[in-house]
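FYI, numbering that gives the first Met the number 0 numbers position 216 of the sequence shown as 215, with every residue one higher than the one before it. In this text, a Cβ means the ideal position worked out from N, Cα and C, and glycines have one as well. Down below is the structure, laid out as structure tokens.
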Amino acid sequence: MNDMLMLTHALALAAVVAAFGAPAHAETISLPQGEANVESIAKFANPWALAFLPDGRLLVTEKPGNLYIFADGKLSNPIAGVPKVEYKDQGGLLDVTVDPDFANNKFVYLSYSERADEQPEDAQEENDARLGDYQDLSDNVLKGMAVARGRLEGDRLEDVKVIWRQVPKTIGRGHFGARLAFAPDGKLFITSGDRQRFEPAQDMASNLGKVVRINPDGLVPDDNPFVGKDGALPEIWTLGHRNELGAAINPASGELWIHEMGPKGGDEVNIVVRGKNYGWPQVSEGAHYDDQDIPDHKTKPEFATPAYSWNPSISPAGLMFYTGDKFPAWKGKAMLGGLSSEALIVLTLNGDKVVSDDVIKMGRRIRDVAQAPDGSVLLLVDGESGGDLLRLTPSGRAAQR
Ligand SMILES: [Ca+2]
Numbered sequence: 000m001n002d003m004l005m006l007t008h009a010l011a012l013a014a015v016v017a018a019f020g021a022p023a024h025a026e027t028i029s030l031p032q033g034e035a036n037v038e039s040i041a042k043f044a045n046p047w048a049l050a051f052l053p054d055g056r057l058l059v060t061e062k063p064g065n066l067y068i069f070a071d072g073k074l075s076n077p078i079a080g081v082p083k084v085e086y087k088d089q090g091g092l093l094d095v096t097v098d099p100d101f102a103n104n105k106f107v108y109l110s111y112s113e114r115a116d117e118q119p120e121d122a123q124e125e126n127d128a129r130l131g132d133y134q135d136l137s138d139n140v141l142k143g144m145a146v147a148r149g150r151l152e153g154d155r156l157e158d159v160k161v162i163w164r165q166v167p168k169t170i171g172r173g174h175f176g177a178r179l180a181f182a183p184d185g186k187l188f189i190t191s192g193d194r195q196r197f198e199p200a201q202d203m204a205s206n207l208g209k210v211v212r213i214n215p216d217g218l219v220p221d222d223n224p225f226v227g228k229d230g231a232l233p234e235i236w237t238l239g240h241r242n243e244l245g246a247a248i249n250p251a252s253g254e255l256w257i258h259e260m261g262p263k264g265g266d267e268v269n270i271v272v273r274g275k276n277y278g279w280p281q282v283s284e285g286a287h288y289d290d291q292d293i294p295d296h297k298t299k300p301e302f303a304t305p306a307y308s309w310n311p312s313i314s315p316a317g318l319m320f321y322t323g324d325k326f327p328a329w330k331g332k333a334m335l336g337g338l339s340s341e342a343l344i345v346l347t348l349n350g351d352k353v354v355s356d357d358v359i360k361m362g363r364r365i366r367d368v369a370q371a372p373d374g375s376v377l378l379l380v381d382g383e384s385g386g387d388l389l390r391l392t393p394s395g396r397a398a399q400r
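In structure tokens, the structure reads:
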């Protein structure tokens, strides 16, 4: 398509979107059971996360630092009051979640990478062969992931306050983690990646490579497992994680489920149990990028074994449990996006066991997944351009099931 045709097509599509809130054409994909229509309902630049407000409006983050509200087929202007983010490589504005009591308190929570106030002179990344090409030796900005909350008042966030920070801050491009999930008891779980530093995941004086549990105001609950332990940060809930880009409460059990990116192979699904050690970097089902072996979980019984793992990697991102009626075959299953696998991955569960996975090829890097109030499934496509918000609805065949 030449540029003029492309522009004409884009304008025509924009006109249709403006008029009807949905584009004119949808493609159909085959599912293990039936088919789904896939429509692009909005476009973003480097989007990262989706979260529904209780009234059905959708919050969407873009890594460069934008938060939007999408409702009735229309995108808001960027919401004002978002904290300043350090946007580079895997960092930027990351997850968004909504307070369980949003109807009364209007609190919205954001995770993002934050530049340190004081920058070291001559900071320089050192080559770590275990990371292969997945490092940026030119990076010299000291930063860490932080979580802030603010009240959503119209088109702005008010009273924005940082409630938690990664320590220590470090230079380096990736592994912020940064997924947020509220437990049924109102505590906030934060996944904190290892920042590509490996060893801090086992260091209790660091909150890198952990799952953290705090009260929504940032205070640490008294019943956290390491409260009062010498040398341990009290917000730590579990340790030994690598880069957890998906977190959701399983509604059947009330337990937190996460997934984490493995190194070369060995992506994991983990059921998060208070105080447990998930083994990184001592054990993994994968290998380092320089092909250095890492012992498997089963060789060291002191570490929790993943509920499921993938080798080769699928690069999991975003996680939800489907509870809707639109896709009966998906009810009670876990759904996640795949980046390198360019797929929607659906996990069939039997209690705490993952029985099998369906890898549904989308041909796009999927960064996040969400269930719309009407039971349709939303997928957020990763990327600078073509960051579509896709809506999946059953086609005739699936709807008859
Ligand atoms: Ca593990």
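key: Segment limits, beta strand (DSSP E) that includes A246   = G245 to I248
ask   = Of all the beta strand (DSSP E) runs that stay within the bounds of the stretch 286 to 341, which reach a length of 3 or more residues?
value = 307 to 309, 315 to 320 and 333 to 337
ask   = Does the distance from the C-beta atom of G432 to that of L335 stay below 8 Å?
value = There is simply no residue 432 to check, as the chain begins at 0 and stops at 400 in what is shown.
task = Check whether the Cβ of V282 sits closer than 7 Å to any heavy atom of ligand 1, and report yes or no.
result = yes
ask   = Whose C-beta lies closer than 6 Å to the C-beta of E234 among residues of the same chain, with five residues either side of it excluded?
value = V211, I213 and V219
query = Which value, in whole angstroms, describes the spacing of the CA atoms of T347 and V376?
reply = 17 Å
ask   = According to the neighbour-count rule (16 or more other Cβ atoms, all chains shown, within 10 Å of its Cβ), is G253 buried or exposed?
value = exposed
query = Using DSSP with H/G/I as helix, E/B as strand and the rest coil, what is Q201?
reply = helix
ask   = Can you give the Cα-Cα distance for L141 and K352, rounded to whole angstroms?
value = 40 Å
message = Going by C-alpha to C-alpha distance, which of E124, A145, P199 and P315 sits closest to D135?
response = Checked all of E124, A145, P199 and P315; the closest Cα to D135 is E124.
query = Buried or exposed: A23, going by 16 or more other Cβ atoms within 10 Å of its Cβ?
reply = With a pLDDT of 43 at A23, under the threshold of 50, the modelled position of that residue is not reliable, and the figure given next carries that caveat. A23 comes out exposed.
inquiry  = Taking 7 Å as the cut-off, is the beta-carbon of P315 closer than that to any non-hydrogen atom of ligand 1?
reply    = P315 Cβ: outside cutoff for every heavy atom of ligand 1.
key: R178 burial status per 10 Å Cβ neighbour count (16 or more: buried)   = buried
query = Where does R172 land, buried or exposed, given buried means 16+ other C-beta within 10 angstroms?
reply = buried
query = Can the beta-carbon of L338 be found less than 8 Å from the beta-carbon of D387?
reply = no
message = Here's the rule I'm using: 16 or more other beta-carbon atoms within 10 Å means buried, otherwise exposed. How should F19 be labelled?
response = In this prediction, F19 scores a pLDDT of 40, lower than 50, which makes its location untrustworthy; the coordinate-derived value is nonetheless stated afterwards. Classification of F19: exposed, given that the 10 Å Cβ count is below 16.
ask   = Does DSSP put A180 in a helix, in a strand, or in coil?
value = Correct three-state label for A180: strand.
task = Grab me the residues of Q291's own chain with a C-beta within less than 7 Å of its C-beta, minus the 5 sequence neighbours each way, in chain order.
result = When the five nearest sequence neighbours on each side are left out, the beta carbons in the same chain lying within less than 7 Å of the beta carbon of Q291 are those of R129, in order along the chain.
ask   = If you draw a straight line from the C-alpha of V345 to the C-alpha of A333, how long is it?
value = Taken atom to atom, the span from the alpha-carbon of V345 to that of A333 is near 6 Å.
key: Runs of beta strand (DSSP E) wholly within the stretch 66 to 146 (minimum 3 residues, chain order)   = 92 to 97 and 106 to 114
ask   = Excluding the five sequence neighbours on either side, which residues of its own chain have a C-beta within less than 6 Å of the C-beta of Y287, listed in chain order?
value = At residue 287 the sequence reads His, which differs from the Tyr that was named. Excluding residues within five positions, the ones whose Cβ falls inside 6 Å are R129 and P262.
request  = Determine which residues share a DSSP beta bridge with F188 and list them.
outcome  = In the DSSP assignment, F188 forms a beta bridge with A180 and R212.
Assumed close pair V159, G80 - CB separation to whole angstroms, cut-off 8 Å = Correct: roughly 6 Å between the Cβ atoms.
ask   = With respect to 7 Å, is the separation between the Cβ of G264 and the closest non-hydrogen atom of ligand 1 below this value?
value = no
inquiry  = Just to check my reading of the structure: L49 and L66 have Cβ atoms closer than 8 Å, yes? What is that Cβ distance to the nearest angstrom?
reply    = In fact, because the Cβ distance is near 11 Å, the residues do not count as touching under 8 Å.
ask   = Going by other Cβ atoms of all chains shown within 10 Å of its Cβ, with 16 needed for buried, is Q118 buried or exposed?
value = exposed
key: Burial state of E120 (16 or more Cβ within 10 Å)   = exposed
task = Identify, in the order they occur along the chain, each residue of the same chain with its Cβ nearer than 7 Å to the Cβ of N310, setting aside the five sequence neighbours on each side.
result = Here the set comprises G264, G265, E284 and G285.
ask   = Relative to ligand 1, is the shortest distance from any of its heavy atoms to the C-beta of E267 smaller than 7 Å?
value = yes
ask   = How many Å lie between G245 and T190 at the Cα?
value = 8 Å
ask   = Is it right to say R241 is buried, meaning 16 or more other beta carbons lie within 10 angstroms of its own, or is it exposed?
value = Flag for R241 reads buried.
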